[in-house]
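Comments concern the structure below.
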Amino acid sequence: MACKIPISALIESEGKKSNLEIAKELRPEAVAKAKTNEEKRIRANKILRARRKLTDKGIIPRFNDHFEKQKPEIIKLLEEGGKTHQEIAELLNLKKDQVSNLARQLKKK
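Using the numbering used here, read the sequence shown as starting at 1167 and increasing by one per residue.
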């Protein structure tokens, strides 16, 4: 895995794709071989380092920056009820898991 990570892949994603998603695009065969979460994390390490450098320089936004901006609206929609997590996610251009995780955190409080 001694390949250089194309910075363009990170810039094109505009901070919206996870490190593992980018790794799957760049090296699908290597990521497919990874069986455990630890192996998947190792495959995404170089992307993580490149992402940190670009984020620190302000070239790309943080990965969950879009989610953080939408968080108050998500909370409002969850409290109102009437919509499923999937519908809220589609409405705000997020992943269902993000909405579900936030709902779970709010229930714990």
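Here a beta-carbon is modelled for each residue, glycine too, at the ideal position from N, C-alpha and C.
*Quick one: complete alpha helix (DSSP H) runs, 4+ long, within the segment 1223 to 1270?*
1231 to 1246 and 1251 to 1258
*Assuming residue 1220 and residue 1185 form a contact by the criterion Cβ under 8 angstroms, report the distance between their Cβ atoms to the nearest whole angstrom.*
If you number the sequence shown from 1, residue 1220 lands on position 54. If you number the sequence shown from 1, residue 1185 lands on position 19. Their Cβ separation, rounded to whole angstroms, is 12 angstroms, which puts residue 1220 and residue 1185 out of contact at 8 angstroms.
*Which value, in whole angstroms, describes the spacing of the CA atoms of residue 1269 and residue 1241?*
Taking the first residue of the sequence shown as position 1, residue 1269 is located at position 103. Taking the first residue of the sequence shown as position 1, residue 1241 is located at position 75. Whole-angstrom Cα-Cα distance: 8 angstroms.
*asked:* Can you give me the C-alpha to C-alpha distance between residue 1265 and residue 1196, rounded to a whole angstrom?
replied: Reading the sequence shown from its first residue, position 99 is the one you call residue 1265. Reading the sequence shown from its first residue, position 30 is the one you call residue 1196. Answer to the nearest angstrom: the Cα atoms are 30 angstroms apart.
*With burial defined as no fewer than 16 other Cβ atoms inside 10 Å of the residue's Cβ, what is the status of residue 1272: buried or exposed?*
The sequence position of residue 1272 within the sequence shown is 106, counting from 1. Exposed, because fewer than 16 other Cβ atoms sit within 10 Å of the Cβ of residue 1272.
*Can you tell me where the alpha helix (DSSP H) with residue 1200 in it begins and where it stops?*
Taking the first residue of the sequence shown as 1, we reach residue 1200 at position 34. Premise fails: residue 1200 is in no alpha helix (DSSP H) and is neither H nor E.
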